[in-house]
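Residues -2 to 272 (our numbering) make up the sequence shown, in order. All C-beta atoms in this analysis are idealised placements derived from N, C-alpha and C, irrespective of residue type, glycine included. Keep in mind the model is a prediction, meaning the values are calculated, not measured. For reference, the structure is listed below as structure tokens.
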Amino acid sequence: MSLADLPPLRESLEAHGLFAKKAFGQHFLLDLNITRKIARLAAPLEDVQVIEVGPGPGGLTRALLEAGARVTAVEKDARFLPLLQELAEAADGRLTLIEADALTVDEDALAGGGPFKVISNLPYNVGTPLLIKWLSRPEPPAQMALMFQREVAQRIVARVGEEAYGRLAVISQAVCEAALVMDLPARAFTPPPKVASAVVRLEPRAERPAPALLASLERITAAAFGQRRKMLRSSLKALGGETLCEAAGIAADRRAETIPVSGFLDLAQALLQRD
């Protein structure tokens, strides 16, 4: 059997008696036109190693395989493994299934030590922790095309001064160029979630923070945005307050939402040098 011979996704779900589990944040994309568009947004994929998290019934997985990718799919919900195994048997050895929690897997081991892309319709309940995990790697993925709740997607791509601008935007944009590239209404999913979704594409910057500086940036942003309405002299008091701001060349009476990514990197560097 080839990929073209596989039955429609709804038929496969019914044949295996499968349904989405709310506890796992599952919402299935069964429209192959949509999943193929997501794959095109992450092109080129021919002979590219891709890690996919939470494939569920395999709608996006099919599109990635059709585009020529070599896919390692990490699925926590063992119910879907028999259905995905049918897809693997039609994929000419280009689909590897891993039953695991994506928060704990070693991506380098999954990718064989080489470069890889991460392309996923992420489970809503672990999307942000997974993104932070991948951004915090010494070498981030070659590209990420990830689906989140639209509110989370907006927080990733927000610019300084915008309402959604915060810790997630600073860390994401310090490491990558981030763009919202596709909106999806709730009705595109089975079952429909209560919110809209969006795909964010992240491309690693040629110059990005070293791991130690990124760890320092996480401390700075956690403090600054944890009390975002306060001036930096107050929100960063435990990390040095006015002295730290002075070392970074930033006025201590400014608030977190007014500081661009470059300013937060200056603060992180000052903290790193002090420690």
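- Boundaries for ASN118: no alpha helix (DSSP H) harbours it, while the beta strand (DSSP E) harbouring it runs 114 to 118, taken from the DSSP string.
- VAL196 has its alpha-carbon roughly 27 Å from the corresponding atom of GLY260.
- Taking C-beta atoms as the reference points, MET179 and LYS34 count as a pair closer than 8 Å.
- For GLU86 and SER194, the gap between their C-alpha atoms comes out near 31 Å.
- Residue burial annotation: MET(-2) is exposed, with fewer than 16 other C-beta atoms found within 10 angstroms of its C-beta.
- Around the C-beta of LYS18, fewer than 16 other C-beta atoms lie within 10 Å, and the residue is accordingly described as exposed.
- Residue pairing by DSSP places ALA175 opposite LEU199 in a beta bridge.
- Restricting attention to GLU204, GLU148 and LEU62, the CA atom closest to the CA of ALA88 is found in LEU62.
- Collapsing the DSSP output to three states places SER(-1) in coil.
- For ILE95, same chain residues with a beta-carbon under 8 Å away, outside a window of 5 residues either side, are THR69, ALA70, VAL71, GLU72, VAL102 and LEU107 in chain order.
- In the three-state scheme derived from DSSP, where H, G and I count as helix and E and B as strand, ALA85 is classed as helix.
- GLY110 counts as exposed, since fewer than 16 other beta carbons sit within 10 angstroms of its beta carbon.
- Taken atom to atom, the span from the alpha-carbon of SER9 to that of GLU43 is near 26 Å.
- When DSSP states are grouped into helix, strand and coil, GLN224 belongs to the coil group.
- Rounded to whole angstroms, the separation of the alpha carbons of THR218 and VAL154 is 16 Å.
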